[in-house]
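Structure first, commentary second.
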């Protein structure tokens, strides 16, 4: 027993000596770091390191990591406060108002971001549930998809040939149904017919469908990775009268200037020996493996190949035929409603429908546009003739806008958020730091928005919105006086939304078939009249037209001799309206303002107050008619 204790003591002494020798070899800076770590953690009386049995929130708050987070957040708040002070000083808005607006917008964006995160989690859960379910083969649906794809050359389809050999009547019925959308009843009938087949025959059909899917997939992969066809390049270049407008030509000329020069010369030359010589030079250039154009068309790994491939994809989208769906997408992609006036020469009702279709939830209007494009009318006639100059110009405008919208705007906001987060690797950061970064980014984004609004004069304080919230905040019902007034007005007929006088005036103002713009000018002028008089501006316009419009005019009658004579001629109401409004427009052109609605409203107000010279012009014309009344033949 004593010998064992002696051996343990000697072994312990040797172990301590070994640790001491190893510690002596440690560099001094590592020793200091170890000493500081031991002091920070602490050592008990037995020489063991102190550690908490449970990591609590208080432990986290005492850590240096938490102190670092607090320091960074304080710096962020100081920067935000400094920015608010600067904006307040430059724009004359109180700091408290800016801070309220900032907090409100940031909280709203953070709430939207949390909703998007919850939506992602729900989609993931739903996907996990779906993949956990047993796989169900939809043989009838797969057959329909394959036959629809092979519909143009259905006789050569192996799936259709097998279906025809197995059941000729069923194959004929399916073929007749492929020209229109397949209904649920037709699909159910096909499923019941396939269910009556034997298991071996159904297995053969399934293998044919699978092999056809594989062929289509391989074709898609090959098409994306195969060399670029020079024939397709020529096809898109020939669609441009001016090559400078073609993005494809610009990128090819930048890669290989010789190709750009030769192709431009070929386009400008007439038939002859020189044209043949230039074509031969171009063909030799395309077959030269050291040429830039050869590498662009055949080097699948080069960046130029990817760039030209993307430009070709954009060109295909740019020359897609116009459809009702493409017109709706164009309406939703435009920033201004005035851009829709390009459709007025085609069909005046189309621009009205497209304005309503800008709301993505208004699917009923979208269906009406599809119906307008399919039924007999000017829109269907226009879409069926793609060779006209008007169609080509409109096709270019619509598809360019759609393409730009798809690249920049049409991306889902959640996808844009994920794409922006992908640029910064935050996987190694703690959740506290990630949330802090997101909050700070939101603050900076909203701060930039508020700064732009202050600069452009679009900033709206929170106090300005309180009057909109007041009816919801106050629970007050209608007073007896309001109820009586409502009952008294209930029996009156509704006003005609389409006034014939306004329509006539808008037609006189309209230029180039842009009636919506003319109507907008008339409405703005009438609104200015209302702000000045606080009366019905339409009635004021009608009174002014009646006040200046002449009742009669003088008309020259040719006698066939040396002297002609004038006779008074009465005017119809439509003629009076036309002459009266024409005089108003001519008189408004002499006013100083550069804004047409302002000039028109000033002239209407001048007539309404009795200060216009048009009344004198009307009296003078009546006097002339009275002077020659003796020439009337009754």
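Numbering (the working numbering), first residue to last: 3 to 636.
Ideal Cβ placement from N, Cα and C applies to all residues, glycine included.
Computed from a predicted model, the values in this text were never measured in an experiment.
From the options, residue whose alpha carbon lies closest to that of residue i
{"i": "residue 575", "options": "383, 552, 145, 206", "result": "552"}
{"i": "residue 391", "options": "528, 357, 371, 242", "result": "242"}
{"i": "residue 174", "options": "187, 596, 186, 156", "result": "156"}
{"i": "residue 307", "options": "259, 250, 352", "result": "250"}
{"i": "residue 335", "options": "99, 356, 33", "result": "356"}
{"i": "residue 594", "options": "100, 585, 604", "result": "604"}
{"i": "residue 265", "options": "287, 275, 274", "result": "287"}
{"i": "residue 149", "options": "246, 178, 168, 393", "result": "178"}
{"i": "residue 530", "options": "546, 66, 607, 96", "result": "607"}
{"i": "residue 231", "options": "295, 277, 610", "result": "295"}
{"i": "residue 97", "options": "107, 86, 105, 104", "result": "86"}
{"i": "residue 259", "options": "193, 387, 293, 273", "result": "293"}
{"i": "residue 615", "options": "371, 592, 71, 95", "result": "592"}
{"i": "residue 167", "options": "69, 185, 203, 193", "result": "203"}
{"i": "residue 543", "options": "270, 563, 353, 583", "result": "583"}
{"i": "residue 211", "options": "83, 372, 147", "result": "147"}
{"i": "residue 244", "options": "270, 627, 256", "result": "270"}
{"i": "residue 189", "options": "525, 200, 176, 378", "result": "176"}
{"i": "residue 618", "options": "504, 585, 73", "result": "585"}
{"i": "residue 322", "options": "385, 380, 486, 31", "result": "385"}
{"i": "residue 101", "options": "80, 120, 118, 119", "result": "80"}
{"i": "residue 577", "options": "588, 596, 547", "result": "547"}
{"i": "residue 611", "options": "620, 545, 123, 30", "result": "545"}
Distance between beta carbons of residue j and residue i, contact taken as under 8 Å
{"i": "residue 359", "j": "residue 400", "result": "Contact doesn't hold; Cβ gap of about 14 Å is too wide."}
{"i": "residue 598", "j": "residue 532", "result": "Actually they are not in contact, since the Cβ atoms of residue 598 and residue 532 sit about 17 Å apart, beyond 8 Å."}
{"i": "residue 238", "j": "residue 317", "result": "5 Å"}
{"i": "residue 315", "j": "residue 304", "result": "Wrong, their Cβ atoms sit about 17 Å apart, outside the cutoff."}
{"i": "residue 302", "j": "residue 344", "result": "The Cβ separation is near 41 Å, so there is no contact."}
{"i": "residue 641", "j": "residue 319", "result": "This structure does not reach residue 641, given that the chain is present from 3 up to 636, and the question cannot be answered."}
Sequence-distant residues of the same chain with beta carbon closer than 7 Å to residue i, five excluded per side
{"i": "residue 253", "result": "309, 310, 313"}
{"i": "residue 281", "result": "268"}
{"i": "residue 172", "result": "165, 195"}
{"i": "residue 602", "result": "527, 590"}
{"i": "residue 382", "result": "375, 376"}
{"i": "residue 332", "result": "400, 403, 404"}
{"i": "residue 257", "result": "294, 295, 298, 306"}
{"i": "residue 342", "result": "333, 336, 353, 356, 357"}
{"i": "residue 626", "result": "556"}
{"i": "residue 600", "result": "530"}
{"i": "residue 501", "result": "540"}
Same chain, Cβ closer than 8 Å to residue i, five either side skipped, listed in chain order
{"i": "residue 581", "result": "551, 552, 555, 573"}
{"i": "residue 517", "result": "346, 350, 508, 509"}
{"i": "residue 630", "result": "556, 567, 568, 569, 570"}
{"i": "residue 559", "result": "566, 567, 568, 569, 633"}
{"i": "residue 423", "result": "Reliability fails at residue 423, whose pLDDT of 48 lies under 50, so the model's placement of it is uncertain and no value is given."}
{"i": "residue 534", "result": "603, 607"}
{"i": "residue 505", "result": "none"}
{"i": "residue 643", "result": "Here the chain comprises residues numbered 3 to 636, so residue 643 is not present and cannot be evaluated."}
Sheet register partners of residue i (DSSP bridge)
{"i": "residue 590", "result": "In DSSP, residue 590 forms no bridge with anything."}
{"i": "residue 1", "result": "Outside the displayed span of the chain (3 to 636) sits residue 1, for which this structure offers no information."}
6 Å Cβ shell around residue i - same chain, five flanking residues per side excluded
{"i": "residue 17", "result": "With a pLDDT of 45 at residue 17, under the threshold of 50, the modelled position of that residue is not reliable, and the figure given next carries that caveat. Cβ neighbours of residue 17 beyond the five flanking positions: none."}
{"i": "residue 624", "result": "none"}
{"i": "residue 521", "result": "508"}
{"i": "residue 37", "result": "none"}
Near the ligand MN: residue i beta-carbon under 6 Å from a heavy atom
{"i": "residue 91", "result": "Judged by which ligands are present, the structure shown has none, so any question about the ligand MN falls away."}
CB contact below 7 Å: residue i versus chain B
{"i": "residue 326", "result": "Considering every chain present, this structure includes no chain B. It has just one protein chain."}
inquiry  = Quick check: the region 159 to 175 against the region 108 to 119, are at least 3 beta-carbon pairs closer than 8 Å?
reply    = no
query = Touching or not, the region 140 to 151 and the region 120 to 130, by the rule of three or more beta carbon pairs under 8 Å?
reply = no
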